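**Student:**
Residue numbers (our numbering): 95 to 313.
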């Protein structure tokens with residue numbers, strides 16, 4: 095199924111996707127609530143490209159600690175989202191900042207999600223690039239954390255994310271849609287949105303909540 099991501103981004107929202115995933119037997123697809131947007135007004139929707147970090151405690155002389163990270167960012171394609179798993183919440187690993195934002199945006203990537211920290215927040219907000227992170231801190235990841243693998247299954251914010259899964263984020267949080275279930279999830283979510291719109295309209299006109307719920311089954 096071909097999706098018009100740009101148009102769907104303006105229609106879908108994290109809460110309805112989470113409800114839909116629950117109804118389809120996928121109750122563990124919403125990231126833990128500590129993963130928050132840097133800009134509440136931006137929406138993120140795209141396909142995951144994953145990076146797996148581990149903590150380190152020293153800088154190895156002569157080693158480029160950013161090698162795998164650089165390779166991932168340089169390989170990002172339009173419509174993709176960098177998903178960086180740092181075992182968060184963490185106080186040490188800040189894998190994302192202004193320069194990676196600039197490079198990712200130039201390649202057509204549409205956002206970043208990490209359960210680690212992020213820095214250079216003012217610059218990222220000025221770039222209007224959606225970033226969801228487990229916290230904010232000024233630390234360089236050098237000597238504290240290193241991407242060991244890319245394009246593998248990771249656990250980010252409590253959710254298993256595989257390369258190619260759809261990732262959606264808004265002010266309510268981040269939801270991951272498994273690639274093999276995306277057609278039924280999005281179809282069902284759009285139907286649920288239709289029901290919610292009817293429910294909202296009738297409630298606004300003064301209808302009783304119980305009556306509207308009995309009619310549409312949406313709450």
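The beta-carbon is built from N, C-alpha and C at its ideal position, and this holds for glycine as well. Please read these numbers as outputs of a predicted model, since none were measured by experiment.
If you draw a straight line from the C-alpha of residue 319 to the C-alpha of residue 173, how long is it?
**Tutor:** Examination of residue 319 is not possible in this model, given that the chain is present from 95 through 313 alone.
**Student:** Would you please verify whether the beta carbon of residue 127 is less than 8 Å from any beta carbon of chain C?
**Tutor:** Among the chains of the structure shown, chain C does not appear; only one protein chain is present.
**Student:** Kindly give me the distance between the Cβ atoms of residue 264 and residue 143, rounded to whole angstroms, as I take these residues to be in contact under 8 Å.
**Tutor:** In fact, because the Cβ distance is near 20 Å, the residues do not count as touching under 8 Å.
**Student:** CA-CA distance, residue 198 and residue 282?
**Tutor:** Those two C-alpha atoms are separated by around 31 Å.
**Student:** Answer with buried or exposed for residue 154, where buried requires no fewer than 16 other C-beta atoms within 10 angstroms of its C-beta.
**Tutor:** Exposed, by the Cβ-count rule.
**Student:** Can you give me the C-alpha to C-alpha distance between residue 56 and residue 137, rounded to a whole angstrom?
**Tutor:** Limits of the chain in this structure are 95 at one end and 313 at the other, which puts residue 56 out of reach.
**Student:** Residue 131: which of 211, 300 and 162 sits nearest, CA to CA?
**Tutor:** Taking only the C-alpha atoms, the option nearest residue 131 is 211.
**Student:** So residue 238 packs on residue 150, CB below 8 Å; how close in whole Å?
**Tutor:** Right, their Cβ atoms sit about 7 Å apart.
**Student:** Any idea what DSSP makes of residue 230, helix, strand or coil?
**Tutor:** Looking at residue 230 - three-state DSSP - the assignment turns out to be strand.
**Student:** My output table needs one value for residue 288: the three-state DSSP class, helix, strand or coil.
**Tutor:** Residue state, collapsed to three classes: helix.
**Student:** With a floor of 4 residues, list each alpha helix (DSSP H) that falls wholly inside the region 141-206, ordered by position along the chain.
**Tutor:** Here the runs fully enclosed are 161-168 and 192-200.
**Student:** Taking residue 273 as the reference, give the member of 288, 247, 226 and 181 with the closest Cα.
**Tutor:** Considering only alpha carbons, the answer is 247.
**Student:** Do you know offhand how far residue 280's Cα is from residue 157's?
**Tutor:** Cα to Cα, the separation comes out at about 44 Å.
**Student:** Can you have a look at residue 299 and say buried or exposed, based on whether 16 or more other CB atoms are within 10 angstroms of its CB?
**Tutor:** Exposed is the call here.
**Student:** Mind checking residue 101: buried by the 16 CB within 10 Å criterion, or exposed?
**Tutor:** Per the 10 Å Cβ criterion, exposed.
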